[in-house]
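**Student:**
Numbering (the working numbering), first residue to last: 231 to 1156.
#1: With DSSP run on the structure shown, which of helix, strand or coil describes residue 286?
#2: What is the residue span of the beta strand (DSSP E) that residue 709 lies within?
#3: DSSP on residue 789, reduced to helix/strand/coil?
#4: Three-state secondary structure (DSSP) at residue 949?
#5: Could you round the C-beta distance between residue 1101 and residue 1074 to whole angstroms and report it? I think they count as a contact, below 8 Å.
#6: State whether the region 347-363 contacts the region 377-393, with contact taken as three or more CB pairs (one from each stretch) at a distance under 8 Å.
#7: Can you check the region 247-329 for any beta strand (DSSP E) of at least 3 residues that lies completely inside it and give the ranges in chain order?
#8: Closer than 8 Å: is that where the CB of residue 875 sits relative to any heavy atom of the ligand PLP?
#9: Straight-line CA distance for residue 406 to residue 436?
#10: Taking the beta strand (DSSP E) that residue 611 falls in, what are its first and last residues?
#11: Short of 8 Å in beta carbon distance, which residues of its chain neighbour residue 420, apart from the five on each side in sequence? Order them along the chain.
#12: Would you call the region 243-253 and the region 276-284 touching, i.e. three or more CB-CB distances under 8 Å?
#13: Among residues of its own chain, excluding the 5 on either side of residue 654, which ones have a beta-carbon nearer than 7 Å to its beta-carbon?
#14: Where does residue 866 land, buried or exposed, given buried means 16+ other C-beta within 10 angstroms?
#15: Tell me whether residue 819 sits in a helix, a strand or coil according to DSSP, three-state version.
#16: Of the choices 975, 1145, 711, 540, whose alpha-carbon is the least far from that of residue 742?
#17: Using the C-alpha atoms, what's the distance from residue 952 back to residue 1140?
#18: For residue 492 versus residue 560, is the C-beta spacing smaller than 9 Å?
#19: Taking DSSP as the reference, what is the three-state secondary structure of residue 373?
#20: Which stretch, first to last residue, makes up the beta strand (DSSP E) that contains residue 221?
#21: Taking the C-alpha atoms as reference points, what is the distance between residue 1137 and residue 1119?
#22: Specify the secondary structure class of residue 797 as computed by DSSP and reduced to three states.
#23: Under 7 Å Cβ to Cβ from residue 657, same chain only, skipping five residues before and after it: list those, please.
#24: Give the secondary structure of residue 897 by DSSP, where H, G and I count as helix, E and B as strand, and everything else as coil.
#25: What does the Cβ neighbour count give for residue 1060, buried or exposed, with the cut at 16 atoms within 10 Å?
#26: What are the complete beta strand (DSSP E) segments, minimum 3 residues, inside the region 728-773?
#27: Could you please give the first and the last residue of the uninterrupted alpha helix (DSSP H) stretch that includes residue 507?
#28: Would the beta-carbon of residue 1108 fall within 9 Å of that of residue 1084?
#29: Give me the Cα-Cα distance between residue 471 and residue 364, rounded to the nearest whole angstrom.
#30: Roughly how many angstroms separate the alpha carbons of residue 773 and residue 934, rounded to a whole number?
#31: Is DSSP giving residue 997 helix, strand or coil here?
#32: If the criterion is Cβ atoms closer than 9 Å, does the pair residue 767 and residue 848 meet it?
#33: What's the call for residue 264, buried or exposed, on a 16-neighbour Cβ count within 10 Å?
#34: Using only the alpha-carbon positions, how far apart do residue 919 and residue 804 sit?
#35: Return yes when the Cβ of residue 474 is within less than 9 Å of the Cβ of residue 430, no when it is not.
#36: Under three-state DSSP, which class holds residue 811?
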């Protein structure tokens, strides 16, 4: 009896033709003992002695069929055509007449091992492969049609063969479009990440499910040994038709790691896996692999839209599966589910309403959610909620004077306004539950702000009756800003004065942070009488509208008028101080095609003249409702601002960003509308005639330039007198009357005498950030970092009940050995230094470490630069300096030091620093 006919594919036929090509010179019939695979090509062209030969393959099960095929070939074939007949009929039945026409005059026997060896170009096979008929047949059947199997120089090992088979069977060597990537791309890595990504391809899991059972079993076993225990679980899901949902199921199955998981939840999750019942250890490895892959994909998704779609395709499907199975509530603590993120966000805000401590704990959990990196705007809302909670827990502030109110608005309450703006806008993701919690917290914050606005308004009434530019009662008035905040800068170079019409303190805070990230340093007049150095702010003219405040700012005297008045006043002021000046308004700023700024403006910036530029973006947006969500303002949001800063840096000009007045946003009426449509309503936020009503004050004085020296203005935000807009100004609230002033220099040499640097850390209220360290050495380090390079050094900052108090001392702190000194004295540091050319001095590196430790591990680049300057070394390129220090501290690539927050902050991992440079000796075993 003839042996069972083996399966024969095109590659087997080609291999036999190559092996017997000498016989094909005279004969054109090839008989092969086997069964030609269904679906394999019946006609193809192959090379015999490097010449193309057409081949026809017939599968015949009888002598009559084989004979008929040969007669058909003789009658129809062309010169050089070859007929291959696969059959299970033995030679005795075929007879000598037919066999005599075939090569070797007999039926060829398929030796899979020999053919596989030939197809790989190997010199031999791994001995284990001779007994693995399934593998040999699979290798012959799966050989790539374009380039064949990769060639091996010597012995074909079992691992090489299995790896090649797995890559081809799973389609891992194909590009996104299904085409081969080509040998030049290199073989893909067979690890869990690769397999998980493969499971998300349209046809990948189906290719595996259609393989013969024995082949699937063996490939799962080998891939489990090669790629890890997660691979068999993944492939089992592919077998069961769940391959495309495998990662989503892994996300849900992560809940089973919790020993306290409810039995019903565990049973439901198990049901989603269908007939796939992995062991606990294998399932744990699978869920770990899924979460690890998602974590890496999420990191890529920050900058890659494709990766973002890939992440949410998995997680949205996981959410869908959870919702359908009734698992949405049990899985709210999932680290990756989008619905879980929304629940944790709402929980954070709810906890913040209860207490800031509870809010901080919940915020830490939210920050640990896998999607936190992809929802920075939503996480920011939660952060603002916790910050407002901290602010509300401070002792109730008061407004004893106008000057103190303005100062507190720029140093403290403006930050609260910034946070409240985000709370009012709600959850960017649109979650209604979170929105309700935010509303509750916002109402509490606004209630406190209203108390402060009312107190300030009452003080403003009394102050306005007597105050003027010569006797402002300790307050800086807007008509004195040029003299006080701008003129001192003219000693180091002609300044650029940028008037941002309508800039509130909340907006100024954001612009100041972003300017610092761009390399600008904020400088302010040095502290006096033991007071801290603080950001500058002035009192607007009244009413707080452009016609009065901007004209008075630019003319340096109380005056009202339009652009001509502003230009004449600006030129006259600087002429009195023997300086040329040029003022540019909206129509004069933009350049022609290919130029961001006009030739006239660029010419003025290149000259020795003091240049003023008025930017109306903020005011126009409030007027026309073009502010979007109304939550943030950046340098790129204000037309021409970034271009102006760039030009100022190029021409060595210090910059002053100053408002003419602030603004309040339209947030609807909360206690009944006070809208009044009367002829006395000259503006949305001020009017003439009639007594002041609820939420209003009547102001009189020399600085009231409208209404004949007497107006009525509201201090409540929800009062307006004209049609609804996106925002308003002209009222008596702190947000409208306070005029923020940011003085920026590009290099320390531009700092006026008697002025000091104001890094972000020093201008930020304590409740905005984490609680400050209480030990004296830390406070001293923070103070040194904040005022380094200044002519007058501010005293260390300490926390008191609800305020920022400062104390000065002429007694130098006692010398102690800091962590930085220990690190640079270590053997590990000495070894690292050998590989870094032109390494900074040890004292500089030690100062950097100590400053970062004192700041809790994170500092802005500007503050770090100030800390370096305190050692007597100036570093203009702080990014390059940090890169050098990274090479010193990041031993073996571990991230001890690096930039975070998109390069806006420098972070030191203190525990990792100690572990790398100051390892503790292990205790000896007794």
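Idealized CB from N, CA, C, for every residue including glycine.
These numbers were taken from a predicted model, which means no experiment stands behind them.
**Tutor:** Straight from the coordinates:
#1: Within the chain shown, the letter at position 56 stands for residue 286. Reduced to three states, the DSSP call for residue 286 is strand.
#2: Indexing the chain shown from 1 puts residue 709 at position 479. Premise fails: residue 709 is in no beta strand (DSSP E) and is neither H nor E.
#3: On the chain shown, position 559 is the one that residue 789 refers to. If DSSP states are grouped into helix, strand and coil, residue 789 belongs with coil.
#4: Along the chain shown, one-based indexing puts residue 949 at 719. It is coil, neither helix nor strand.
#5: By one-based count along the chain shown, residue 1101 stands at place 871. By one-based count along the chain shown, residue 1074 stands at place 844. That belief holds up - the Cβ atoms of residue 1101 and residue 1074 are roughly 5 Å apart, short of 8 Å.
#6: yes
#7: 259-263, 273-278, 281-290, 312-317
#8: The ligand content of the structure shown is nil, which means the ligand PLP is not present either.
#9: The residue you call residue 406 lines up with position 176 of the chain shown. The residue you call residue 436 lines up with position 206 of the chain shown. Because residue 406 carries a pLDDT of 45, less than 50, the predicted location of this residue cannot be relied on, and the following value inherits that uncertainty. Cα to Cα, the separation comes out at about 16 Å.
#10: The residue given as residue 611 occupies position 381 in the chain shown. That residue, residue 611, is in no beta strand (DSSP E); its alpha helix (DSSP H) goes 606-623.
#11: Walking along the chain shown from the start, residue 420 turns up at place 190. Result list for residue 420: 393, 396, 397, 402, 453, 456, 457, in chain order.
#12: yes
#13: On the chain shown, position 424 is the one that residue 654 refers to. Contacts found: 672, 897.
#14: Translated into positions along the chain shown, residue 866 becomes position 636. Its Cβ having fewer than 16 others within 10 Å, residue 866 is exposed.
#15: Sequence index remark: in the chain shown, residue 819 carries index 589 (1-based). In this structure, residue 819 counts as coil in the three-state DSSP scheme.
#16: Numbered from its first residue, the chain shown carries residue 742 at position 512. Closest by alpha carbon: 975.
#17: Walking along the chain shown from the start, residue 1140 turns up at place 910. Walking along the chain shown from the start, residue 952 turns up at place 722. The straight-line gap from Cα to Cα measures roughly 57 Å.
#18: Walking along the chain shown from the start, residue 492 turns up at place 262. Walking along the chain shown from the start, residue 560 turns up at place 330. Contact flag set, yes.
#19: For the purposes of this step, residue 373 is taken as the residue at position 143 of the chain shown. Coil, per DSSP.
#20: Any answer about residue 221 is impossible in this case: the structure gives the chain only from 231 up to 1156.
#21: Residue numbering aside, residue 1137 sits at position 907 when the chain shown is read from its first letter. Residue numbering aside, residue 1119 sits at position 889 when the chain shown is read from its first letter. The alpha-carbon atoms of residue 1137 and residue 1119 are separated by roughly 12 Å.
#22: Taking the first residue of the chain shown as position 1, residue 797 is located at position 567. Helix at residue 797.
#23: On the chain shown, residue 657 is found 427 positions in, with the first residue counted as 1. Same-chain partners within the cutoff: 575, 608, 611, 664, 665, 668.
#24: By one-based count along the chain shown, residue 897 stands at place 667. Three-state result, residue 897: coil.
#25: Counting from one through the chain shown, the residue named residue 1060 turns up at place 830. Its Cβ having fewer than 16 others within 10 Å, residue 1060 is exposed.
#26: 751-755, 766-769
#27: Sequence index remark: in the chain shown, residue 507 carries index 277 (1-based). That residue, residue 507, is in no alpha helix (DSSP H); it is neither H nor E in DSSP.
#28: The sequence position of residue 1108 within the chain shown is 878, counting from 1. The sequence position of residue 1084 within the chain shown is 854, counting from 1. No, Cβ-Cβ distance for residue 1108 and residue 1084 is not below 9 Å.
#29: Here residue 471 corresponds to residue number 241 of the chain shown, with the count starting at 1. Here residue 364 corresponds to residue number 134 of the chain shown, with the count starting at 1. In a straight line, the C-alpha of residue 471 is about 23 Å away from that of residue 364.
#30: Position 543 of the chain shown, counted from the start, is the residue given in the question as residue 773. Position 704 of the chain shown, counted from the start, is the residue given in the question as residue 934. Spanning the two alpha carbons is a distance of roughly 6 Å.
#31: If you number the chain shown from 1, residue 997 lands on position 767. DSSP places residue 997 in helix when its eight states are reduced to three.
#32: Along the chain shown, read from residue 1 onward, the residue named residue 767 stands at position 537. Along the chain shown, read from residue 1 onward, the residue named residue 848 stands at position 618. Taking 9 Å as the Cβ cut-off, residue 767 and residue 848 do not qualify as a contacting pair.
#33: Walking along the chain shown from the start, residue 264 turns up at place 34. Buried, since its Cβ has 16 or more Cβ neighbours within 10 Å.
#34: In the chain shown, residue 919 corresponds to position 689, counting from 1. In the chain shown, residue 804 corresponds to position 574, counting from 1. Rounded to the nearest angstrom, the two C-alpha atoms are 38 Å apart.
#35: On the chain shown, position 200 is the one that residue 430 refers to. On the chain shown, position 244 is the one that residue 474 refers to. Yes; because the gap between Cβ atoms is below 9 Å, this pair is in contact.
#36: On the chain shown, position 581 is the one that residue 811 refers to. Strand at residue 811.
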